[in-house]
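Residue numbers (this note's numbering): 1 to 500. We put the beta carbon where it would ideally sit given N, CA and C, even for glycine.
Listed below in structure tokens is the structure:
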């Protein structure tokens, strides 16, 4: 059992996964125990792209997840306890969940009614209303075959193992939660699997103990708050690589059977994190590393502390996903229309800053070369801010790094690098929006940036030359077509991000 839940004094009983009898539980609360003054929590938080994501009426504090997974049958048996605090008088509330069948639900140890509705709504009605400000715990028992989402959550591996990856959704396929970037929570995980299989997740591994029937239980703890789609588990016959940063931060990395050759790539992570720390401030988490799968994926993903990498991964991707540890993981979006905060910075870091700082390449030259093909790539029609549902992961990879380099040349290096570093550090473990970023940068310079920001972030056409070629970028426009200094940098990716 998580020490967090013990400290709250909410949970009674052990941490093993027990078979629970199905049922709808006790009747709803009546006026005598406070229901008259209580209301249901909302079934969504109104994100303009995904209005049913997240739920109102409570603040999730910690997820205590225990699962038992059988690779041959893909059967997943789980018991998740959500520690939360009511933010209103609650007669009922929702969790986001789209996984195997729910067997039972309890609130503060008392059987509760439950109903599944919509794509991912688990409606819970406790036996007594929950007063505003009260901490509570809801425990959900579930069991069944975990379906293969093929990169939208629980995903099968060729070996028979599985992992969780997907954006903007993933976690609902394997545990119930408040699935919104606005409600981060800490997480503990205990996964019981056959002895031949390993388990990788977020944060730090805290134990590995024998279990019955030829199994073992691997426990992980993520002490830094996390967003649902950044939570992961991977069950595989791993090869493990252990490294440490100079400051002692452990870097634990895991490789699927057909990904072992990627160890040489992962050995560059200490250098990558040192480079990114110089840009954005101290690495925000207690551990790092990577999970290298051999499943055919079209994306790699910045799962917190330990990104998941597809088989095609290269150094650019490793830089990109680790930059997300600051931009997207530590500093998370408020709404999905703010996705440029995640992807624009990760792309600028990998596509321009790394070649400049490490490869000694000319960043203006990289910018101009990319700009020379921008019209053919059609990057102007979709804005960076509020690109539209289904378009979040498009031009942020190509237009995004161009925007940040043009901003840097507009305000100057001293203002730009101090502003982005301070913004990242001041929003650590929190959320931010594009309008807040605009205001923050504007507060650091006397130059009026409204026209620049409107053209680059909101515009649906090529920005005017004054915004495309600031700070002398355009003095030698044809430099962008010159040959790079080396073949390595000639083939360096631009505008692909973590997707192929």
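Let me check understanding here. Comparing Cα to Cα, which of the options lies closest to residue i?
i           : options               : result
residue 344 : 373, 73 and 456       : 456
residue 399 : 414, 370 and 423      : 370
residue 71  : 441, 198 and 271      : 198
residue 39  : 56, 397 and 52        : 56
residue 231 : 202, 207, 331 and 192 : 202
residue 216 : 155, 192 and 320      : 192
residue 67  : 186, 211 and 335      : 211
residue 108 : 136, 116 and 131      : 136
residue 273 : 323, 50 and 334       : 323
residue 383 : 419, 454, 421 and 347 : 454
residue 291 : 433, 442, 110 and 263 : 263
residue 238 : 194, 227, 356 and 134 : 194
Classify residue i as helix, strand or coil using the three-state DSSP reduction.
i           : result
residue 156 : strand
residue 322 : helix
residue 124 : strand
residue 380 : coil
residue 352 : helix
residue 220 : strand
residue 23  : Here the model assigns residue 23 a pLDDT of 39, short of 50, so the residue's position is not dependable, and the following value carries that caveat. Coil.
Considering only the beta carbon of each residue, do residue i and residue j sit closer than 9 Å?
i           : j           : result
residue 172 : residue 183 : no
residue 471 : residue 395 : no
residue 118 : residue 43  : yes
residue 102 : residue 114 : yes
residue 435 : residue 495 : no
residue 245 : residue 281 : no
residue 77  : residue 142 : yes
residue 293 : residue 234 : yes
residue 60  : residue 251 : no
residue 253 : residue 222 : no
residue 473 : residue 414 : no
residue 58  : residue 90  : yes
residue 422 : residue 440 : yes
Could you tell me the alpha carbon to alpha carbon distance between residue i and residue j, rounded to whole angstroms?
i           : j           : result
residue 249 : residue 205 : 13 Å
residue 328 : residue 279 : 15 Å
residue 88  : residue 256 : 46 Å
residue 492 : residue 392 : 24 Å
residue 450 : residue 468 : 14 Å
residue 158 : residue 295 : 6 Å
residue 446 : residue 47  : 34 Å
residue 25  : residue 129 : Residue placement at residue 25 is flagged as unreliable, the pLDDT there being 41, under the threshold of 50; the coordinate-derived value follows with that caveat. Near 15 Å, if we compare the C-alpha coordinates of residue 129 and residue 25.
residue 27  : residue 86  : Bear in mind that a pLDDT of 43 at residue 27, under 50, signals an unreliable position, so the model cannot answer this.
residue 123 : residue 326 : 34 Å
residue 308 : residue 365 : 31 Å
residue 489 : residue 461 : 29 Å
residue 209 : residue 336 : 40 Å
residue 169 : residue 140 : 20 Å
residue 186 : residue 160 : 29 Å
residue 52  : residue 181 : 13 Å
residue 426 : residue 331 : 9 Å
residue 82  : residue 397 : 35 Å
residue 131 : residue 261 : 55 Å
(message) Threshold first: 3 residues or longer. Then list the beta strand (DSSP E) segments lying entirely within the region 71-110, N to C.
(response) With a minimum length of 3 residues, the continuous beta strand (DSSP E) runs that stay inside the region 71-110 are 75-86, 90-96 and 102-107.
(request) Pick out the complete beta strand (DSSP E) segments inside the region 128-216, 3 residues or longer, and give them in chain order. (result) 135-145, 153-156, 162-165, 185-194, 198-201 and 204-211
(request) May I have a chain-ordered list of the alpha helix (DSSP H) segments no shorter than 4 residues that lie completely inside the region 288-337? (result) 315-323
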